[in-house]
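**Q**
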Amino acid sequence: MTIGRTFLNGKLLVGYKRTNIESWLYDGAPILSKVSTPDVPTDKFLEFRKQVGNAIREINTNSAGKDLVAAYQNIGQVYEVVPSCGGGFFVPACDAARGAGYEFVDGCDGVISWDPVTGFKDFPAWVVLAHELGHAIQLHTSGKSAQGWFNEYGLNQQAIELDNIRRHETPIVQTLGLTPRTTYP
Ligand SMILES: [Zn+2]
């Protein structure tokens, strides 16, 4: 396996080319399988890498986002970011997630799916990526195992989301002069 471009000191990987990325849909709870041979990335994939880079730059130039990036790098985990066609999600690598159909590439602690084009409500798309990075921070500062967190998410999605929104999304949204959300989604 080759690793393409990495971001955040190698803690966020883009560059494992997976097949069927065109058809990944948020609502369909994408099953991340069929890791392809990452020889020559498609144009779309190269574009996605660029979009991830731009998003990280946006997050980093936001005063609250800078703190989030630092916190993400501090947890020392490696997540893979893959494209989606609407919305984003975060899944930590664990047997429960594998049992639910997710597959994870070697060397990654989980996967983040992100739509580089469409934001959420009036939030720009990069805020959604920041939100997903927030979940990684949330998990790895919780003292829980990946599996423990994944299972708890299934039981207490609202509480976990609202906590992530309050701690990681709202500070960024406020610096943009936008109205933070108080409900999920
Ligand atoms: Zn979330």
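Taking my numbering, I'd label the letters of the sequence shown as residues 27 to 211. Cβ atoms here follow ideal geometry from the backbone N, Cα and C, with glycine treated the same way.
1. Quick one, what's near ligand 1 if you take every residue whose CB is closer than 6 Å to any heavy atom, in chain order?
2. So if DSSP puts PHE140 in a beta bridge, which residue, or which two residues, is it bridged to?
3. Sort out for me which residues DSSP pairs ALA39 with in a bridge.
4. Considering VAL131, what are the terminal residues of the alpha helix (DSSP H) in which it resides?
5. Is it the case that the Cβ atoms of ASN88 and THR209 are separated by a distance below 8 Å?
6. Taking ALA119 and ASP141 to be in contact with their CB atoms under 8 Å, please state how far apart those CB atoms are, rounded to whole angstroms.
7. Grab the span of the alpha helix (DSSP H) containing ALA162 for me, first residue to last.
8. Which term fits GLU73, buried or exposed, when burial requires 16 or more other beta carbons within 10 angstroms of its beta carbon?
9. Who are the near neighbours of TYR179 in its chain, counting only those whose CB is closer than 7 Å to its CB and skipping five residues on each side?
10. Find the nearest neighbour of THR167 within the set LEU38, ASN35, ALA81 and GLN99, judged by alpha-carbon distance.
**A** In this structure, then:
1. HIS157, HIS161, GLU187 and ASN190
2. Your numbering for residue 140 matches position 114 in the sequence shown. Residue identity differs from the one stated: residue 140 is Trp in this sequence, not Phe. The partner list for TRP140 (beta bridge, DSSP) reads PRO109 and GLY114.
3. Within the sequence shown, numbered from 1, the residue matching residue 39 stands at position 13. The amino acid at residue 39 is misidentified as Ala; the sequence shows Leu. DSSP, once it has assigned bridges, lists THR32 and GLU106 as partnering LEU39.
4. To locate residue 131, count along the sequence shown from 1; it is residue 105. Segment: none, VAL131 is in no alpha helix (DSSP H) and carries neither H nor E.
5. Here the question's residue 88 lines up with position 62 in the sequence shown. Here the question's residue 209 lines up with position 183 in the sequence shown. No. Outside cutoff.
6. Indexing the sequence shown from 1 puts residue 119 at position 93. Indexing the sequence shown from 1 puts residue 141 at position 115. Wrong, their Cβ atoms sit about 21 Å apart, outside the cutoff.
7. If you number the sequence shown from 1, residue 162 lands on position 136. 151-166 is the extent of the alpha helix (DSSP H) around ALA162.
8. Residue mapping note: residue 73 aligns to position 47 of the sequence shown, counting from 1. Answer is exposed; the Cβ neighbour count stays below 16.
9. Translated into positions along the sequence shown, residue 179 becomes position 153. So the list reads ILE186, once near-sequence residues are dropped.
10. For the purposes of this step, residue 167 is identified with residue 141 of the sequence shown, where counting begins at 1. The shortest C-alpha separation from THR167 is found at GLN99.
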